[in-house]
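Novice: One structure follows; several queries about it will come next.
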Amino acid sequence: MADYGRVLVSGLVIGSAGRLLLLRADYRQYPSFPRGYVTHLVLGIIAAALGAIAVPALAEKEYTAVTFLALAAQQFREIRGMERDSLESVDKTELVPRGSDYIEDIAKTFEARNYIAMVTALSTSLVVYLSDSIAAGVLAGVAVFLGVVYSLKGEKIGDMAEVVAAKIEFEGPLLMVDGVELMNVGLAKAREMYLTRAIAVKIIPRDDNARVTLGNVGQRQALVHNAATQLGVRKDVDEPEFMPSSGRNTESGDIVMAIFSMEPDIECLIEAVKRTPVLESSKRKPLDSPAGRKAAD
Numbered sequence: 065m066a067d068y069g070r071v072l073v074s075g076l077v078i079g080s081a082g083r084l085l086l087l088r089a090d091y092r093q094y095p096s097f098p099r100g101y102v103t104h105l106v107l108g109i110i111a112a113a114l115g116a117i118a119v120p121a122l123a124e125k126e127y128t129a130v131t132f133l134a135l136a137a138q139q140f141r142e143i144r145g146m147e148r149d150s151l152e153s154v155d156k157t158e159l160v161p162r163g164s165d166y167i168e169d170i171a172k173t174f175e176a177r178n179y180i181a182m183v184t185a186l187s188t189s190l191v192v193y194l195s196d197s198i199a200a201g202v203l204a205g206v207a208v209f210l211g212v213v214y215s216l217k218g219e220k221i222g223d224m225a226e227v228v229a230a231k232i233e234f235e236g237p238l239l240m241v242d243g244v245e246l247m248n249v250g251l252a253k254a255r256e257m258y259l260t261r262a263i264a265v266k267i268i269p270r271d272d273n274a275r276v277t278l279g280n281v282g283q284r285q286a287l288v289h290n291a292a293t294q295l296g297v298r299k300d301v302d303e304p305e306f307m308p309s310s311g312r313n314t315e316s317g318d319i320v321m322a323i324f325s326m327e328p329d330i331e332c333l334i335e336a337v338k339r340t341p342v343l344e345s346s347k348r349k350p351l352d353s354p355a356g357r358k359a360a361d
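Under the numbering used here, think of the first position of the sequence shown as 65, with each following residue one higher.
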């Protein structure tokens, strides 16, 4: 067997480095650290190793070894299920839950990142093998990594809608935001606190695709959770009147949201909403269909 040391090591290193670059904890604190870092980094190294070894296996006509790639894909799907179960368990303890759609989106993301590590390692090893140049392989691996990551970059709410400040008012005990009813707030003290300390936004979709996507209940729950996570929320358990909430204007399709936050800064709330990811499960494109385009005219 030829010496494939350079091929294997190059693919393993670049693939693992790519997974390490994608391993970061943001305001959502997931993956948790350090335990979550270790778990996902080890899985990324395994994925990179499988991608790197595929080229020598094919070169030596060891086609049965390539079946490990199929086994890896199955294992990564199981990892997605594990992440989903873990997040669903944690979600029960959140003051403002993520919601099942947001959890599924996160689980898909972590599954996809292992595939990115595998593809990066595979492309690096292949170019090193064909060109006998480690530098060329590294450049190819970096280019593939950047290209795949860019292609998988999802939309944000700010890409499909305008977010502006909205007015909070009451009609009797009913909490209203720009004329949209959100909830019943029975306590006079709570209503007074909303009027003096709560903030609200209106999300105006730019087209019919955005209108349908933003109307999804899971997407709206992700909006509420993101805002509460970044700005904080002035509530404890068993205080439903202070739960951040959203509603839909059924005439225009606009979404309104009110939150009783720890940091009542409307500009920060607008920024948090704009940066909320558009969930794959909520994305709809009625304008891509003939009936949808005709109805929008």
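The beta carbon of each residue, even a glycine, is placed where N, CA and C say it ideally should be.
Quick caveat: nothing in here was measured; it's all calculated off a predicted structure.
(1) Suppose you measure from the CA of residue 80 to the CA of residue 181; what does that come to, to the nearest Å?
(2) By Cβ distance, which residues of its chain are closer than 7 Å to residue 132, with the 5 residues on each side in sequence left out?
(3) Which value, in whole angstroms, describes the spacing of the CA atoms of residue 192 and residue 116?
(4) Can the beta-carbon of residue 147 be found closer than 8 Å to that of residue 170?
(5) Assign residue 186 to buried or exposed, taking buried as 16 or more other Cβ atoms, counted over all protein chains shown, within 10 Å of its Cβ.
(6) Nearest by alpha-carbon distance to residue 263: which of 282, 70, 107 and 308 is it?
(7) DSSP on residue 216, reduced to helix/strand/coil?
(8) Can you confirm whether the stretch 324-332 touches the stretch 276-295 when touching is taken to mean that 3 or more C-beta pairs between the two stretches lie within less than 8 Å?
(9) In the DSSP output, what is residue 311 paired with across the bridge?
(10) Taking the C-alpha atoms as reference points, what is the distance between residue 371 and residue 320?
(11) Could you tell me which residues DSSP pairs with residue 341 in its beta bridges?
(12) Figure out for me which residue from 168, 221 and 85 has the closest Cα to the Cα of residue 339.
(13) Give me the residue from 78, 84 and 118 with the minimum Cα distance to residue 102.
(14) Looking at the strands, I want to know which residues DSSP matches up with residue 331.
(15) To the nearest angstrom, report how far apart residue 286 and residue 72 are at their CA atoms.
(16) Spatial neighbours of residue 204 within its chain, please: C-beta separation below 7 Å, excluding the five flanking residues on both sides.
(17) Please classify residue 362: does DSSP put it in a helix, a strand, or coil?
(18) Could you pull out every residue in the same chain whose Cβ sits closer than 7 Å to the Cβ of residue 369, ignoring the five residues on either side in sequence?
(19) Report yes if the C-beta distance between residue 232 and residue 259 is below 8 Å; otherwise report no.
(20) How is residue 182 classed by DSSP in three states: helix, strand or coil?
(21) Drop a sphere of 10 angstroms on the beta-carbon of residue 248, count the other beta-carbons inside from all chains shown, and report buried for 16 or more, exposed for fewer.
(22) Taking the straight line between their C-alpha atoms, what separation do you get for residue 224 and residue 239?
Specialist: Concretely, from the data shown:
(1) Looking up residue 80 in the sequence shown gives position 16. Looking up residue 181 in the sequence shown gives position 117. Approximately 6 Å, taken between the alpha carbons.
(2) Counted from its first residue, the sequence shown places residue 132 at position 68. Result list for residue 132: 114, in chain order.
(3) The count along the sequence shown starts at 1 and reaches residue 192 at position 128. The count along the sequence shown starts at 1 and reaches residue 116 at position 52. Rounded to whole angstroms, residue 192 to residue 116 spans 11 Å at the Cα level.
(4) Within the sequence shown, numbered from 1, the residue matching residue 147 stands at position 83. Within the sequence shown, numbered from 1, the residue matching residue 170 stands at position 106. Yes, the pair counts as a contact, with Cβ atoms nearer than the cut-off.
(5) Position 122 of the sequence shown, counting from 1, holds the residue named residue 186. Answer is buried; the Cβ neighbour count reaches 16.
(6) For the purposes of this step, residue 263 is identified with residue 199 of the sequence shown, where counting begins at 1. Among 282, 70, 107 and 308, the Cα nearest to that of residue 263 is on 308.
(7) Against the sequence shown, residue 216 aligns to sequence position 152. DSSP places residue 216 in coil when its eight states are reduced to three.
(8) yes
(9) In the sequence shown, residue 311 corresponds to position 247, counting from 1. Answer is 320, bridged to residue 311.
(10) Nothing about residue 371 can be read from this structure; the chain reaches only from 65 to 361.
(11) Looking up residue 341 in the sequence shown gives position 277. Residue 341 pairs with 220.
(12) Within the sequence shown, the letter at position 275 stands for residue 339. Cα-wise, what sits closest to residue 339 is 221.
(13) Taking the sequence shown and counting its residues from 1, the one referred to as residue 102 is at position 38. Looking at the Cα atoms, 84 is the closest of the given residues.
(14) Sequence index remark: in the sequence shown, residue 331 carries index 267 (1-based). Answer by DSSP bridge pairing: none, since residue 331 is not bridged.
(15) Taking the sequence shown and counting its residues from 1, one reaches residue 286 at position 222. Taking the sequence shown and counting its residues from 1, one reaches residue 72 at position 8. Their backbone Cα atoms lie some 41 Å apart in a straight line.
(16) Mapped onto the sequence shown, residue 204 falls at position 140. The answer, listed in chain order, is 187, 188 and 191.
(17) This structure cannot speak to residue 362, because the chain is shown only from 65 to 361.
(18) Shown here, the chain extends from 65 to 361; a query on residue 369 therefore has no answer.
(19) One-based indexing of the sequence shown puts residue 232 at position 168. One-based indexing of the sequence shown puts residue 259 at position 195. For residue 232 and residue 259, yes; Cβs fall inside 8 Å.
(20) Within the sequence shown, residue 182 is the residue found at index 118, counting from 1. DSSP places residue 182 in helix when its eight states are reduced to three.
(21) Within the sequence shown, residue 248 is the residue found at index 184, counting from 1. Under this definition residue 248 is an exposed residue.
(22) One-based indexing of the sequence shown puts residue 224 at position 160. One-based indexing of the sequence shown puts residue 239 at position 175. Their Cα atoms are separated by approximately 27 Å.
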